[in-house]
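Numbering (the numbering used here), first residue to last: 2 to 176.
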(Lines of atoms letter the chains of each structure in order from A; the text may use other names.)
(Lines give C-alpha, C1' and ligand atoms only; values in the text may rest on other atoms or scores of the structure.)
Protein backbone atom coordinates (compact mmCIF):
# COMPACT_ATOMS: atom_id res chain seq x y z
CA UNK A 2 0.00 0.00 0.00
CA UNK A 3 1.32 3.43 -0.95
CA UNK A 4 1.48 5.83 1.99
CA UNK A 5 0.34 9.35 1.10
CA UNK A 6 -0.45 10.61 4.60
CA UNK A 7 1.78 10.47 7.66
CA UNK A 8 0.16 11.33 10.99
CA UNK A 9 2.61 12.20 13.77
CA UNK A 10 1.32 11.84 17.29
CA UNK A 11 2.64 11.94 20.81
CA UNK A 12 2.84 14.12 23.88
CA UNK A 13 3.75 17.80 23.62
CA UNK A 14 7.50 18.21 23.33
CA UNK A 15 8.09 14.85 21.61
CA UNK A 16 9.23 16.55 18.38
CA UNK A 17 6.18 16.25 16.11
CA UNK A 18 6.56 19.73 14.61
CA UNK A 19 10.33 19.50 14.13
CA UNK A 20 10.17 16.02 12.60
CA UNK A 21 7.16 16.96 10.45
CA UNK A 22 8.92 20.02 9.05
CA UNK A 23 12.02 17.98 8.20
CA UNK A 24 9.96 15.21 6.58
CA UNK A 25 8.23 17.84 4.45
CA UNK A 26 11.61 18.77 2.98
CA UNK A 27 12.76 15.17 2.58
CA UNK A 28 9.54 13.74 1.07
CA UNK A 29 8.02 16.74 -0.70
CA UNK A 30 4.70 16.32 1.12
CA UNK A 31 2.64 19.21 2.47
CA UNK A 32 3.14 19.66 6.22
CA UNK A 33 0.44 20.94 8.55
CA UNK A 34 0.29 21.29 12.29
CA UNK A 35 -3.32 20.53 13.32
CA UNK A 36 -3.35 23.15 16.09
CA UNK A 37 -2.17 25.86 13.68
CA UNK A 38 -4.67 24.67 11.06
CA UNK A 39 -7.52 24.98 13.59
CA UNK A 40 -6.43 28.48 14.63
CA UNK A 41 -6.03 29.62 11.02
CA UNK A 42 -9.40 28.29 9.88
CA UNK A 43 -11.43 29.23 12.98
CA UNK A 44 -9.72 32.63 13.41
CA UNK A 45 -9.43 32.03 17.18
CA UNK A 46 -6.56 30.74 19.32
CA UNK A 47 -6.82 27.36 20.98
CA UNK A 48 -6.38 28.83 24.49
CA UNK A 49 -9.26 31.21 23.68
CA UNK A 50 -11.44 28.31 22.48
CA UNK A 51 -10.75 26.43 25.73
CA UNK A 52 -11.48 29.56 27.77
CA UNK A 53 -14.71 30.60 26.04
CA UNK A 54 -16.19 27.31 24.78
CA UNK A 55 -14.54 24.61 26.91
CA UNK A 56 -12.56 21.48 26.14
CA UNK A 57 -15.49 19.39 24.87
CA UNK A 58 -16.30 22.02 22.24
CA UNK A 59 -12.63 22.21 21.27
CA UNK A 60 -12.34 18.42 20.91
CA UNK A 61 -15.37 18.37 18.57
CA UNK A 62 -13.85 21.19 16.51
CA UNK A 63 -10.52 19.40 16.50
CA UNK A 64 -12.08 16.23 15.07
CA UNK A 65 -13.93 18.22 12.38
CA UNK A 66 -10.76 20.05 11.36
CA UNK A 67 -8.78 16.81 11.42
CA UNK A 68 -11.15 15.35 8.83
CA UNK A 69 -10.83 18.52 6.71
CA UNK A 70 -7.02 18.48 6.94
CA UNK A 71 -6.94 14.88 5.75
CA UNK A 72 -8.35 15.97 2.39
CA UNK A 73 -4.85 17.29 1.56
CA UNK A 74 -2.72 14.81 -0.34
CA UNK A 75 0.14 13.99 0.15
CA UNK A 76 0.29 15.18 3.75
CA UNK A 77 2.33 15.05 6.92
CA UNK A 78 0.15 16.10 9.86
CA UNK A 79 1.24 16.77 13.44
CA UNK A 80 -1.66 16.28 15.81
CA UNK A 81 -2.19 17.93 19.15
CA UNK A 82 -1.12 15.80 22.10
CA UNK A 83 -4.73 15.05 23.00
CA UNK A 84 -6.09 14.55 19.49
CA UNK A 85 -5.77 10.73 19.45
CA UNK A 86 -7.60 10.41 22.79
CA UNK A 87 -11.10 11.55 21.77
CA UNK A 88 -13.92 10.43 19.48
CA UNK A 89 -12.27 7.11 18.58
CA UNK A 90 -9.75 9.05 16.51
CA UNK A 91 -7.05 6.36 16.48
CA UNK A 92 -9.43 3.75 15.07
CA UNK A 93 -10.58 6.29 12.48
CA UNK A 94 -7.03 7.23 11.42
CA UNK A 95 -5.82 3.63 11.36
CA UNK A 96 -8.75 2.62 9.14
CA UNK A 97 -7.94 5.13 6.38
CA UNK A 98 -6.24 3.84 3.25
CA UNK A 99 -2.79 5.29 2.58
CA UNK A 100 -2.41 6.65 6.12
CA UNK A 101 0.43 5.73 8.48
CA UNK A 102 0.12 6.77 12.12
CA UNK A 103 3.43 7.23 13.92
CA UNK A 104 3.86 7.66 17.67
CA UNK A 105 6.97 9.64 18.60
CA UNK A 106 7.57 7.89 21.90
CA UNK A 107 9.59 9.94 24.35
CA UNK A 108 10.30 9.14 28.01
CA UNK A 109 8.77 11.15 30.84
CA UNK A 110 12.26 12.23 31.87
CA UNK A 111 13.14 13.54 28.39
CA UNK A 112 9.74 15.20 27.84
CA UNK A 113 10.00 16.88 31.24
CA UNK A 114 13.49 18.17 30.44
CA UNK A 115 12.42 19.58 27.06
CA UNK A 116 9.23 21.15 28.40
CA UNK A 117 10.94 22.57 31.49
CA UNK A 118 13.51 24.29 29.26
CA UNK A 119 10.78 25.70 26.97
CA UNK A 120 8.05 26.34 29.54
CA UNK A 121 7.63 29.98 28.55
CA UNK A 122 6.24 28.70 25.22
CA UNK A 123 3.65 26.45 26.90
CA UNK A 124 1.03 28.39 28.87
CA UNK A 125 -0.57 25.12 30.04
CA UNK A 126 2.62 24.37 31.97
CA UNK A 127 3.37 27.81 33.39
CA UNK A 128 2.21 26.83 36.89
CA UNK A 129 4.89 24.12 37.14
CA UNK A 130 8.06 25.46 38.73
CA UNK A 131 10.39 22.47 39.21
CA UNK A 132 11.59 19.59 37.05
CA UNK A 133 9.97 17.23 39.57
CA UNK A 134 6.61 18.96 39.09
CA UNK A 135 7.02 18.57 35.33
CA UNK A 136 7.81 14.87 35.70
CA UNK A 137 4.72 14.29 37.84
CA UNK A 138 2.45 16.25 35.47
CA UNK A 139 3.84 14.67 32.30
CA UNK A 140 3.92 11.18 33.82
CA UNK A 141 0.23 11.35 34.74
CA UNK A 142 -0.83 12.61 31.31
CA UNK A 143 1.39 10.18 29.43
CA UNK A 144 0.00 7.27 31.46
CA UNK A 145 -3.56 8.32 30.54
CA UNK A 146 -2.78 8.88 26.86
CA UNK A 147 -0.37 6.04 26.13
CA UNK A 148 -3.20 3.55 25.53
CA UNK A 149 -4.23 5.68 22.54
CA UNK A 150 -0.71 6.52 21.35
CA UNK A 151 0.21 2.83 21.38
CA UNK A 152 -2.48 2.12 18.77
CA UNK A 153 -0.30 3.82 16.14
CA UNK A 154 0.95 1.74 13.21
CA UNK A 155 4.53 2.54 14.23
CA UNK A 156 6.21 3.72 17.43
CA UNK A 157 9.60 5.38 17.28
CA UNK A 158 11.56 6.00 20.47
CA UNK A 159 13.00 9.50 20.19
CA UNK A 160 15.18 9.62 23.30
CA UNK A 161 18.85 10.19 22.41
CA UNK A 162 18.04 10.59 18.71
CA UNK A 163 18.35 13.68 16.56
CA UNK A 164 15.45 14.97 14.50
CA UNK A 165 17.29 13.72 11.39
CA UNK A 166 17.65 10.22 12.85
CA UNK A 167 13.92 10.08 13.65
CA UNK A 168 13.03 11.33 10.15
CA UNK A 169 15.29 8.72 8.53
CA UNK A 170 13.67 5.98 10.63
CA UNK A 171 10.24 7.14 9.43
CA UNK A 172 11.41 7.24 5.80
CA UNK A 173 12.77 3.69 6.07
CA UNK A 174 9.41 2.52 7.42
CA UNK A 175 7.72 3.80 4.25
CA UNK A 176 9.90 1.74 1.89
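Every residue gets a Cβ at the ideal spot worked out from N, C-alpha and C, and that includes glycine.
Owing to the predicted nature of the structure, the values given are computational and were not obtained by experimental measurement.
Classification of residue i by the beta-carbon crowding that lies within 10 angstroms, buried from 16 upward
| i | result |
| --- | --- |
| residue 101 | buried |
| residue 55 | exposed |
| residue 165 | exposed |
| residue 90 | buried |
| residue 160 | exposed |
| residue 116 | buried |
| residue 61 | exposed |
| residue 148 | exposed |
| residue 57 | exposed |
| residue 85 | buried |
| residue 51 | exposed |
| residue 63 | buried |
| residue 144 | exposed |
| residue 106 | buried |
| residue 97 | exposed |
| residue 113 | buried |
| residue 23 | buried |
| residue 35 | buried |
Pick from the options that is closest to residue i, judged by C-alpha positions
| i | options | result |
| --- | --- | --- |
| residue 5 | 108, 29, 23, 17 | 29 |
| residue 163 | 17, 13, 3 | 17 |
| residue 80 | 58, 20, 141, 169 | 20 |
| residue 82 | 168, 142, 169 | 142 |
Residues of its chain near residue i, where Cβ-Cβ distance is below 8 Å and the 5 sequence neighbours each way are ignored
| i | result |
| --- | --- |
| residue 25 | 31, 32, 77 |
| residue 103 | 7, 8, 9, 10, 153, 154, 155, 156, 157, 171, 174 |
| residue 177 | Since the displayed the chain opens at 2 and closes at 176, residue 177 lies outside it and no answer follows. |
Limits of the beta strand (DSSP E) - the one that residue i falls within
| i | result |
| --- | --- |
| residue 65 | Premise fails: residue 65 lies in the alpha helix (DSSP H), 56-70, not in any beta strand (DSSP E). |
| residue 32 | 31-34 |
| residue 156 | 155-158 |
6 Å CB neighbourhood of residue i in its chain, flanking five on each side removed
| i | result |
| --- | --- |
| residue 74 | 5 |
| residue 120 | 126 |
Beta bridge counterpart(s) of residue i as assigned by DSSP
| i | result |
| --- | --- |
| residue 104 | 10, 156 |
| residue 132 | DSSP lists no partner for residue 132. |
| residue 77 | 7, 32 |
Other residues of its chain near residue i: CB distance less than 7 Å, five sequence neighbours each side excluded
| i | result |
| --- | --- |
| residue 130 | none |
| residue 176 | none |
| residue 99 | 2, 3, 4, 5, 6 |
| residue 108 | 160 |
Enclosing alpha helix (DSSP H) for residue i [first to last residue]
| i | result |
| --- | --- |
| residue 175 | 164-175 |
| residue 116 | 109-118 |
| residue 95 | 90-96 |
Within-8 Å CB hit, residue i to chain C
| i | result |
| --- | --- |
| residue 48 | The question asks about chain C, but that chain is absent: this structure has only one protein chain. |
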